[in-house]
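Structure first, commentary second.
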Amino acid sequence: MVKKRGKKIGRIKGFSIQFMPYSEISRLNSSDRIKKILEIIFGGNILILQGRLKTDEETRLIEDTMAMVGHVKGFKGIELAVISGNGNSGFFGNMKMGFANILTGGDLGAVTIIGPATIVKEIKRNPKKIELMLNK
Amino acid sequence: MVIKVVKNFFKRIFSNMFREKRDIKLGFYGPPNAGKTSLANRICKDFTGEEIGTVSKIPHETRKVQFKEKVEIDYKGKKMLFKMIDTPGIATKIDYEDFLKFKVNKKDAKKRAKEATQGVIESIKWLDDMDIVVIVLDATENPYNQVNITIIGNLAARNIPVLVVGNKVDKKKADIKKIEAAFPEYDVIGISAKYGKNLEEFYESVFKLSKKI
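What follows is the structure, given as structure tokens:
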């Protein structure tokens, strides 16, 4: 509970933020990777994943999320954002990142934020900042 | 993924060989309530006299993929045959309570939410079958939405030509420059499907993209 000058100004219900290094999922296949992510989200956690999923895995995550809405009690979907650090690194920068990604399996310069829609109301983003708006 | 790319490569080669014999599949993708059906309706009405689907202020009005075949677009004397594919809006969350705000009763709201989730899955499954995709965005909304980025990324990985359209430019809050800044690799066109504004430029871009398939 947050107090300001003795007055209650708001209360956020319990949630936890879980950080996961990409190495935790790097050896899993796409299905198991998405399953692992969704299990964390179903537990009411906000996941901060080092790196990012492949583009087809991102769509698969949306598909699987939609398949679960209505089937998992209280689950209404997810909020998702990927912050990629290699946007303006130029041709050689991208090539370097490309090799690094082949070796490691994911874009490790990126960060993926995924939260359950019941907790995360909105992830506002623009090129300069990212804001997590939580449900009260 | 590799199999998909190879499959698409051969599909494209064969489709080019027989291009004259079939319609170009033109898909309309984007978030809910961006105006995908309004734009598809405008085109279908102009060239066939019939609409493709109903529009509403309530999000997720389109919950099933809908088609209009043999739509011949005539632009500056050039004609091209399209199969128009209007898809349900893609979202990462759907809450039936959001529909209650539009005076939909609880039972219908739950039904709508269930159908909407299935619609999102159907939309994604159709991505593979498109020749050209028009991403329809609401120009009054923030374009930096992960769903938009993910869908465009998927289309790029499949080598499917993409045109980004910022709809609702008739509204004061519309900001096409913001969309252009968000997707610098793509052609971005500001239109108003409701009032038919800037459709000439839209048709020109679609014809240009058709040459890439």
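In order, the protein sequences belong to chains A and B. Here the numbering used here is used: the first residue of the first sequence is 4, the next is one more, and so on. Here the numbering used here is used: the first residue of the second sequence is 462, the next is one more, and so on. From the three backbone atoms N, C-alpha and C, an ideal C-beta is built for every residue, glycine too. Note that the coordinates shown come from a computational prediction; the quantities given were computed from them, not determined experimentally.
- Residue 31(A) is classed as exposed because its beta carbon has fewer than 16 other beta carbons within 10 Å across all chains shown.
- For residue 615(B), the closest Cβ of chain A is nearer than 8 Å.
- Looking only at 134(A), 72(A), 111(A) and 81(A), the smallest Cα-Cα distance to residue 608(B) is reached by 81(A).
- Membership of residue 543(B) in the beta strand (DSSP E) is indicated by the continuous run 539–547.
- Put simply, of 557(B), 562(B), 577(B) and 578(B) the residue whose alpha carbon is nearest the alpha carbon of residue 568(B) is 557(B).
- Contact annotation: residue 120(A) and residue 582(B) have beta-carbon atoms that are not nearer than 8 Å.
- Between the alpha carbons of residue 630(B) and residue 655(B) lies a distance of about 10 Å.
- Residue 594(B) is positioned such that its CB atom lies no closer than 8 Å to that of residue 664(B).
- When 7 Å is used as the limit between beta carbons, residue 515(B) is near no residue of chain A, the shortest such separation being about 22 Å.
- Sequence-distant Cβ neighbours of residue 563(B) in its own chain, meaning closer than 6 Å and more than five residues away, are 519.
- Taking a contact as a CB-CB distance under 8 Å, the pair residue 543(B) and residue 487(B) counts as one, their CB atoms being some 5 Å apart.
- One finds nothing in chain A with a Cβ atom closer than 7 Å to the Cβ of residue 495(B); even the nearest lies about 16 Å away.
- Scanning chain A for C-beta atoms nearer than 9 Å to the C-beta of residue 673(B) yields nothing, as the closest lies near 20 Å away.
- Within the region 548–569 of chain B, the residues whose Cβ lies closer than 8 Å to any Cβ of chain A are, in chain order, 551, 552, 553, 554, 555 and 556.
- For the region 533–614 of chain B, the continuous beta strand (DSSP E) assignments of 3+ residues that do not extend past its boundaries occur at 539–547 and 593–599, in sequence order.
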